[in-house]
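Okay, so the sequence shown: first residue is 21 according to our numbering, each after it adds one. Backbone N, C-alpha and C fix where the C-beta goes; we use that ideal spot for every residue, glycine too. Because the structure is a prediction, the values reported are computed rather than measured. Here's the structure we're looking at; comments come further down.
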Amino acid sequence: MSQNLRKETWWLSYATFPDLIWALLQVYDNDVAEVLTMDGDRYRFENEEEARLWLSEDEYSSFTSLDEDDEEDLGCSISSIQIPSGNSDNELVSKMYVKRRHL
């Protein structure tokens, strides 16, 4: 039985700034949460709170919580960052790592 998607939020790994490594948190009608990582792995949690805790422990911040202080670490304005988009996990995963650091 498939569940309807109720909510999704994008997260960024702050440990890799200025490079962007994304994770996608999805919450379904049955309150189960899943996190899609840039490796294409999906992690399932009993609820959104557990998923958010896991992301925080793995050094991710919700994209919507980033502020001016983060812009300095990113080296650009938050408004210039594009959230990945796609019609499948494979399409999303291909856009979940953005190299911005110049060697």
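Keeping to the same chain, check which residues put their C-beta closer than 8 Å to that of Asp-39; ignore five residues upstream and five downstream.
Residue 39 sits at position 19 when you count from the first residue of the sequence shown. Excluding positions up to five away in sequence, the list reads Tyr-117, Val-118, Lys-119, Arg-120, Arg-121.
Please state whether DSSP places Leu-86 in a helix, a strand or coil.
In the sequence shown, residue 86 corresponds to position 66, counting from 1. Coil, per DSSP.
Hey, is the region 107–114 in contact with the region 63–82, meaning 3+ C-beta pairs nearer than 8 Å?
no
From the DSSP output, read off the bridge partner residues of Leu-45.
What you label residue 45 is simply residue 25 of the sequence shown in a count that begins at 1. BP columns for Leu-45 point to Thr-29, Val-55.
Among Glu-28, Asp-93, Ser-100, Asp-89, whose alpha-carbon lies nearest the alpha-carbon of Val-55?
Against the sequence shown, residue 55 aligns to sequence position 35. Val-55 has its Cα closest to that of Glu-28, out of Glu-28, Asp-93, Ser-100, Asp-89.
From Leu-94 to Asp-61, what does the alpha carbon distance come to, in whole angstroms?
For the purposes of this step, residue 94 is identified with residue 74 of the sequence shown, where counting begins at 1. For the purposes of this step, residue 61 is identified with residue 41 of the sequence shown, where counting begins at 1. Cα to Cα, Leu-94 sits roughly 25 Å from Asp-61.
Just to check my reading of the structure: Trp-31 and Ser-82 have Cβ atoms closer than 8 Å, yes? What is that Cβ distance to the nearest angstrom?
Indexing the sequence shown from 1 puts residue 31 at position 11. Indexing the sequence shown from 1 puts residue 82 at position 62. Going by Cβ atoms, the distance from Trp-31 to Ser-82 rounds to 6 Å, so yes, they are a contact pair.
Suppose contacts are defined by Cβ-Cβ distances below 8 Å. Is Asn-67 in contact with Asp-49 by that definition?
Taking the sequence shown and counting its residues from 1, the one referred to as residue 67 is at position 47. Taking the sequence shown and counting its residues from 1, the one referred to as residue 49 is at position 29. No, Cβ-Cβ distance for Asn-67 and Asp-49 is not below 8 Å.
Can you give the beta carbon distance from Ala-53 to Leu-45, rounded, assuming they're within the 8 Å contact cut?
Position 33 of the sequence shown, counted from the first residue, corresponds to residue 53. Position 25 of the sequence shown, counted from the first residue, corresponds to residue 45. Their Cβ separation, rounded to whole angstroms, is 6 Å, which keeps Ala-53 and Leu-45 in contact under 8 Å.
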